[in-house]
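Here the protein sequences line up with chains A and B, keeping their order. All the letters of the first sequence, read from the start, carry residue numbers 658 to 770 under this note's numbering. All the letters of the second sequence, read from the start, carry residue numbers 806 to 920 under this note's numbering. Glycine included, each C-beta is placed from N, C-alpha and C at the ideal position. Remember, it's a predicted structure, so these values are computed and weren't measured experimentally. Notes to accompany the following structure.
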Amino acid sequence: DQQVKQNSPSLSVQEGRISILNCDYTNSMFDYFLWYKKYPAEGPTFLISISSIKDKNEDGRFTVFLNKSAKHLSLHIVPSQPGDSAVYFCAASGQGGSEKLVFGKGTKLTVNP
Amino acid sequence: KAGVTQTPRYLIKTRGQQVTLSCSPISGHRSVSWYQQTPGQGLQFLFEYFSETQRNKGNFPGRFSGRQFSNSRSEMNVSTLELGDSALYLCASSLHGQGSGNTIYFGEGSWLTVV
Chain A
658 DQQVKQNSPS LSVQEGRISI LNCDYTNSMF DYFLWYKKYP AEGPTFLISI
708 SSIKDKNEDG RFTVFLNKSA KHLSLHIVPS QPGDSAVYFC AASGQGGSEK
758 LVFGKGTKLT VNP
Chain B
806 KAGVTQTPRY LIKTRGQQVT LSCSPISGHR SVSWYQQTPG QGLQFLFEYF
856 SETQRNKGNF PGRFSGRQFS NSRSEMNVST LELGDSALYL CASSLHGQGS
906 GNTIYFGEGS WLTVV
C-alpha cells in the first residue's frame with residue numbers, strides 16, 4: 658500500500674514558467690512533509706518542508722502548499738530554471754507509530770531553455 | 806560542517822558474494838537510515854539505527870542487515886548477493902530520527918552492481 662503517491666512520473670516546463678509538482682498521501686497520522694531534489698548519480702538534497710500546522714511555506718523560488726483536508730501537497734517552483742531539472746521526491750512522516758519517513762516514487766522535472 | 810559520507814562510491818560484486826557499505830553521519834547526528842533506490846521504485850526504506858539500536862525496519866529479506874557503532878557511524882551488509890540487489894544504496898542521517906519535525910540528510914550513495 659503506497660502511502661505517499663506522486664502520480665505524475667514526469668513533467669516538462671519552459672524556463673521562466675511555473676513548475677507545479679503534486680503529491681498525495683493517505684495516512685492521516687502524517688504531520689510533517691518534505692521535498693527532496695535528486696540529480697542522477699547523487700544523493701537526494703533536502704529542499705523544503707512543511708508542518709501540518711501550516712498550509713504554506715516559502716523558501717526563495719520554492720513554495721510548498723499543504724491541503725490537509727484533501728491530503729494533498731504541492732511544490733511550486735517560480736521561475737523554473739534549467740538547473741531545476743531533476744527528480745523530485747515528496748516524503749511524509751508523523752507520530753504515533755508513523756515515525757518512519759515514507760517517500761513517493763518521484764517526479765522527473767525537465768525545464769527546457 | 807561535513808555532510809554524510811558514504812564509502813565506497815562504486816563497487817562491482819559477483820552473485821553469491823557479500824558486501825559491506827559504510828556511512829559516516831553528519832557530526833552530532835545520532836540517527837542513520839539506509840535506503841535502496843532502483844529504477845522506477847523510488848526510495849525503499851531498509852532500516853534506521855539510533856544510538857546503536859535498530860529502531861525501524863523496512864520489508865527487506867534477512868540478507869540485508871546493518872549496525873551502528875558508538876560514534877554513530879553505520880554499516881550495512883548484504884549477504885548472498887543477487888542480481889536484483891544492483892542499486893544505489895543511500896545513507897541518511899538526522900539529529901533525532903525520522904519522525905515528525907525531523908529532516909534527514911542524504912549522502913552521495915554507493916552504487917552496487919551485481920554481475
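Chain-order list of residues whose beta-carbon lies under 7 Å from that of Q873(B) (same chain, five-residue window excluded): For the purposes of this step, residue 873(B) is identified with residue 68 of the second sequence, where counting begins at 1. So the qualifying residues of the chain are V837, Y854, E857 and S879.
Chain-ordered chain B contacts of L704(A) [CB-CB under 7 Å]: Within the first sequence, the letter at position 47 stands for residue 704(A). Residues of chain B with a Cβ closer than 7 Å to the Cβ of L704(A) do not exist, since the nearest Cβ in that chain sits about 10 Å away.
Backbone secondary structure at L900(B) - three-state DSSP: Locating residue 900(B) in the second sequence gives position 95, counting from the first residue. Residue state, collapsed to three classes: coil.
Residues of the segment 704 to 721 of chain A whose Cβ lies closer than 8 Å to any Cβ of chain B, in chain order: Within the segment 704 to 721 of chain A, the residues whose Cβ lies closer than 8 Å to any Cβ of chain B are, in chain order, S706 and S708.
Bridge-paired residues (DSSP) for T783(A): The structure shown has nothing for residue 783(A), since chain A only spans 658 to 770.
Closer than 8 Å at the beta carbon, the chain A residues around Y910(B): Working through the second sequence from its first residue, we reach residue 910(B) at position 105. What Y910(B) touches in chain A: F703.
Per DSSP, the bridge partner or partners of H729(A): Mapped onto the first sequence, residue 729(A) falls at position 72. D681(A) and N724(A), per the DSSP bridge assignment.
Option in I710(A), L732(A), P736(A) and S742(A) with minimal Cα separation from A748(A): Taking the first sequence and counting its residues from 1, one reaches residue 748(A) at position 91. Residue L732(A) is the option with its Cα nearest to A748(A).
Cα-Cα separation between Y840(B) and F865(B), rounded to whole angstroms: By one-based count along the second sequence, residue 840(B) stands at place 35. By one-based count along the second sequence, residue 865(B) stands at place 60. Rounded to the nearest angstrom, the gap between the Cα atoms of Y840(B) and F865(B) is 11 Å.
Coarse secondary structure for L893(B), derived from DSSP in three states: Stepping through the second sequence from its first residue, residue 893(B) is reached at position 88. It is a strand residue.
Neighbour flag for Y682(A) against chain B, beta carbons, 9 Å: Numbered from 1 along the first sequence, position 25 holds the residue referred to as residue 682(A). Not one beta carbon of chain B lies nearer than 9 Å to the beta carbon of Y682(A).
Proximal chain A residues relative to N861(B), where beta-carbon distance stays under 8 Å: Counted from its first residue, the second sequence places residue 861(B) at position 56. Correct list: E756 and K757.
Coil, strand or helix - L888(B) by DSSP: Position 83 of the second sequence, counted from the start, is the residue given in the question as residue 888(B). Residue state for L888(B) is assigned as helix, using DSSP reduced to three classes.
Residue from I909(B), S875(B), I817(B) and L917(B) whose Cα sits closest to the Cα of A897(B): Here the question's residue 897(B) lines up with position 92 in the second sequence. Selection I909(B), S875(B), I817(B) and L917(B) evaluated against A897(B) yields I909(B) as nearest (Cα-Cα).
F867(B) and Y689(A) closer than 9 Å at C-beta: Residue 867(B) sits at position 62 when you count from the first residue of the second sequence. Residue 689(A) sits at position 32 when you count from the first residue of the first sequence. Sequence inspection shows Gly at residue 867(B); the Phe mentioned does not correspond to that position. Taking 9 Å as the Cβ cut-off, G867(B) and Y689(A) do not qualify as a contacting pair.
The segment 819 to 836 of chain B in contact with the segment 691 to 711 of chain A per 3-pair CB rule at 8 Å: By the C-beta criterion, the segment 819 to 836 of chain B is judged not to be in contact with the segment 691 to 711 of chain A, since fewer than 3 inter-stretch pairs fall below 8 Å.
Within chain B, partners of S731(A) - CB distance below 9 Å: Counting from one through the first sequence, the residue named residue 731(A) turns up at place 74. Per Cβ cutoff of 9 Å: no residues; S731(A) is ~18 Å from chain B at best.
Beta-carbon separation (whole angstroms), Q842(B) vs L895(B), contact threshold 8 Å: Mapped onto the second sequence, residue 842(B) falls at position 37. Mapped onto the second sequence, residue 895(B) falls at position 90. By a beta-carbon distance limit of 8 Å, Q842(B) contacts L895(B). Their separation comes to about 6 Å.
S706(A) burial status per 10 Å Cβ neighbour count (16 or more: buried): Taking the first sequence and counting its residues from 1, one reaches residue 706(A) at position 49. Per the 10 Å Cβ criterion, buried.
Proximity winner among V735(A), D712(A) and R718(A), relative to Q671(A) (alpha-carbon distances): Taking the first residue of the first sequence as position 1, residue 671(A) is located at position 14. Nearest to Q671(A) by C-alpha distance, out of V735(A), D712(A) and R718(A), is V735(A).
Chain B residues whose Cβ lies nearer than 8 Å to that of E699(A): Translated into positions along the first sequence, residue 699(A) becomes position 42. Under a criterion of Cβ atoms nearer than 8 Å, the residues of chain B adjacent to E699(A) are, in order, E913 and G914.
Chain A within 9 Å of F850(B), Cβ atoms only: Indexing the second sequence from 1 puts residue 850(B) at position 45. Yes - at least one Cβ of chain A is within 9 Å of the one on F850(B).
Cβ of A897(B) within 9 Å of any chain A Cβ: Counted from its first residue, the second sequence places residue 897(B) at position 92. Yes, A897(B) counts as interfacial toward chain A.
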